[in-house]
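Quick note: the sequence shown uses UniProt numbering, first residue 1, plus one each step.
Read through the structure below, which is laid out as structure tokens, and then see the notes.
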Amino acid sequence: MFRTPEEIKRASAGGEPKKRLRFKKDNSVNSDSSSSASSKKNSGGELRKKCKTKLKQQSNISMSTMSPDLESFYNPNISHHDMRILQSLALKKRETLQYQQRSYEAQKLWEEDRKSLERKQEEKRKEWKSYVEKKRKRENNMNTMRMEEVKQNLRQAQSLLEARLTERDKRIEEMIQQTEGKKIRHSIEMKENYEKKRFLAEANHLERELERIMQYEECEHELNEKLKKAEKLRQRDLKNFRKKVASTNKLEELRHQERMDELMEEDKFMRNQKMKELQEREDKVIQRYMEQVRQKLQAIKQNSMHRELKGQQARATVRELEEGLETWQDHVMLMQWDALRRSEANAKLLLANRRLRVECENKERMIQHSRRYRE
Numbered sequence: 001m002f003r004t005p006e007e008i009k010r011a012s013a014g015g016e017p018k019k020r021l022r023f024k025k026d027n028s029v030n031s032d033s034s035s036s037a038s039s040k041k042n043s044g045g046e047l048r049k050k051c052k053t054k055l056k057q058q059s060n061i062s063m064s065t066m067s068p069d070l071e072s073f074y075n076p077n078i079s080h081h082d083m084r085i086l087q088s089l090a091l092k093k094r095e096t097l098q099y100q101q102r103s104y105e106a107q108k109l110w111e112e113d114r115k116s117l118e119r120k121q122e123e124k125r126k127e128w129k130s131y132v133e134k135k136r137k138r139e140n141n142m143n144t145m146r147m148e149e150v151k152q153n154l155r156q157a158q159s160l161l162e163a164r165l166t167e168r169d170k171r172i173e174e175m176i177q178q179t180e181g182k183k184i185r186h187s188i189e190m191k192e193n194y195e196k197k198r199f200l201a202e203a204n205h206l207e208r209e210l211e212r213i214m215q216y217e218e219c220e221h222e223l224n225e226k227l228k229k230a231e232k233l234r235q236r237d238l239k240n241f242r243k244k245v246a247s248t249n250k251l252e253e254l255r256h257q258e259r260m261d262e263l264m265e266e267d268k269f270m271r272n273q274k275m276k277e278l279q280e281r282e283d284k285v286i287q288r289y290m291e292q293v294r295q296k297l298q299a300i301k302q303n304s305m306h307r308e309l310k311g312q313q314a315r316a317t318v319r320e321l322e323e324g325l326e327t328w329q330d331h332v333m334l335m336q337w338d339a340l341r342r343s344e345a346n347a348k349l350l351l352a353n354r355r356l357r358v359e360c361e362n363k364e365r366m367i368q369h370s371r372r373y374r375e
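See the structure below:
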């Protein structure tokens with residue numbers, strides 16, 4: 001029996017899923033080959049998705065246009081079995097042609113996508129290269145600016161150190177001059193104070209000695225007055241006694257006279273003894289005062305010699321201080337030169353370390369960039 005064109009269409013519509021399954025298998029094989037050929041998984045997945053969508057659209061278009069062509073096989077002189085064979089052969093031929101066309105288009109699409117991806121990767125690589133070059137230039141500029149800042153800070157520190165050292169030397173010289181002037185003024189003031197104290201002490205001592213002599217004289221005057229009063233009283237008592245004993249016998253008068261003579265002699269002896277003691281005390285005081293004056297003069301001479309010796313010692317100490325100051329200034333200059341050398345060496349070492357670190361960082365970046373580019 002012969003089939004109508006509607007049956008042929010239904011048969012072709014019924015055979016469509018098989019073709020789709022076969023196309024899916026072929027497309028998966030093609031996608032596997034394209035994914036194995038590509039180096040990145042993400043790019044291969046994107047290409048497979050794009051190819052699948054485009055091939056599905058083309059397969060739908062081809063299947064829609066395939067049914068009218070099969071009507072050309074309808075012939076009443078050909079048996080139904082032969083017609084079925086011819087239809088199957090025509091379908092297979094058409095499927096092979098469509099599969100070849102689809103594979104060619106898929107390969108073409110894959111090539112276009114691969115080229116566009118390569119162009120994008122090349123653009124990204126160029127952008128990354130330009131970004132890296134700009135970053136390197138910026139870092140180099142920053143490093144040069146930092147090195148200039150370090151050099152400027154070093155120069156400022158050196159100039160500040162030199163200014164401070166000159167100021168310190170000036171202050172030291174001023175302090176030395178002030179200390180020398182103070183020492184001289186202090187020595188002069190000490191000498192004047194010592195002379196004033198010495199003269200005051202001598203004046204006080206002389207005043208005390210004069211007061212003591214005046215006290216001795218007053219005591220002597222009082223003693224003489226007392227003796228005169230005693231003599232007057234004695235004379236008065238003697239007169240009274242004579243008046244009283246005028247009526248007595250002569251023996252009592254003579255005995256009384258002898259007693260009075262003895263008393264007078266004792267009184268005279270006591271007066272002489274007191275006068276001798278006063279004279280001896282006065283002589284001792286004068287002698288002691290002269291001895292003290294002589295000792296003071298000798299002490300003044302010794303003090304003058306001692307002051308001269310101290311002046312020599314002071315001049316020697318001043319010379320020693322000047323020599324010590326010169327040695328100290330030399331030591332300070334040596335320390336300054338050592339500090340400058342150390343600072344220059346540290347600056348050079350810091351510069352070398354920074355350069356080495358920058359080179360290492362640049363090498364690491366180049367290695368990373370090369371790895372990224374290879375990936």
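Where is the CB? At the ideal position from N, CA and C, for every residue including glycine.
On the three-state DSSP scale, how would you describe residue 377? What is shown of the chain runs 1 to 375, which leaves residue 377 out entirely.
Thinking C-beta only, is Val285 closer than 8 Å to Ile213? yes
Rounded straight-line distance, which links the Cα of Arg94 to that of His80: 21 Å
Helix, strand or coil: which one does DSSP assign to Ile172? helix
Which residues in the same chain have their Cβ closer than 8 Å to the Cβ of Met333, if we skip the five residues on either side of it in sequence? none
Between the C-alpha atoms of residue 404 and Glu105, what's the straight-line distance to the nearest angstrom? Since the first residue shown for the chain is 1 and the last is 375, residue 404 is missing from the structure and cannot be characterised.
If you draw a straight line from the C-alpha of Gln292 to the C-alpha of His306, how long is it? 20 Å
What does the Cβ neighbour count give for Trp128, buried or exposed, with the cut at 16 atoms within 10 Å? exposed
Would you identify the three-state DSSP class for Ile188, choosing helix, strand or coil? helix
When Leu325, Ala352, Leu356 and Thr317 are compared against Lys170, the one with the closest alpha-carbon: Leu325
Three or more C-beta pairs closer than 8 Å, one from the region 343-363 and one from the region 127-143: is that the case here? yes
Measuring alpha carbon to alpha carbon, tell me which of Glu364, Gln312 and Lys135 ends up nearest Ser187. Gln312
Classification of Trp328 by the beta-carbon crowding that lies within 10 angstroms, buried from 16 upward: exposed
Taking the alpha-carbon of Asn224 as reference, which of Asp261, Leu309, Glu174 and Met270 has the nearest alpha-carbon? Met270
Pair within 8 Å by beta-carbon distance, Val132 and Arg365: yes
In this structure, does DSSP put Ser159 in helix, strand or coil? helix
Could you tell me whether the Cβ atoms of Glu209 and Tyr289 are closer together than 8 Å? yes
Secondary structure at Ser343, three-state DSSP: helix, strand or coil? helix
Sufficient close CB pairs (3 or more, under 8 Å) joining the region 334-349 to the region 143-159: yes
When Met264, Glu202 and His331 are compared against Lys228, the one with the closest alpha-carbon: Met264
Can you round the beta-carbon distance between Leu351 and Met147 to whole angstroms, since I take them to be within the 8 Å contact cut? 6 Å
Hey, Met260 and Leu233 are a contact pair by Cβ (cut 8 Å); roughly how many whole angstroms apart? 13 Å between Cβ atoms; not a contact.
Supposed close pair Lys296, Glu202 - CB separation, criterion 8 Å: 7 Å
Sorted by chain position, which residues of the same chain lie with C-beta nearer than 6 Å to Asp267's C-beta, five sequence neighbours on each side aside? none
Sequence-distant residues of its chain with Cβ nearer than 6 Å to Val318 (five each side left out): none
Less than 8 Å between the beta carbons of Asn143 and Arg374, yes or no? no
Where Ser59 and Tyr99 are concerned, what is the direct C-alpha to C-alpha distance, given to the nearest angstrom? Residue placement at Ser59 is poorly supported in this model, since its pLDDT is 48, which falls under 50; the coordinates are not used for a value here.
Buried or exposed: where does Trp337 fall if 16 or more other Cβ atoms within 10 Å of its Cβ makes it buried? exposed
Proximity below 8 Å, CB of Glu220 to CB of Leu309: no
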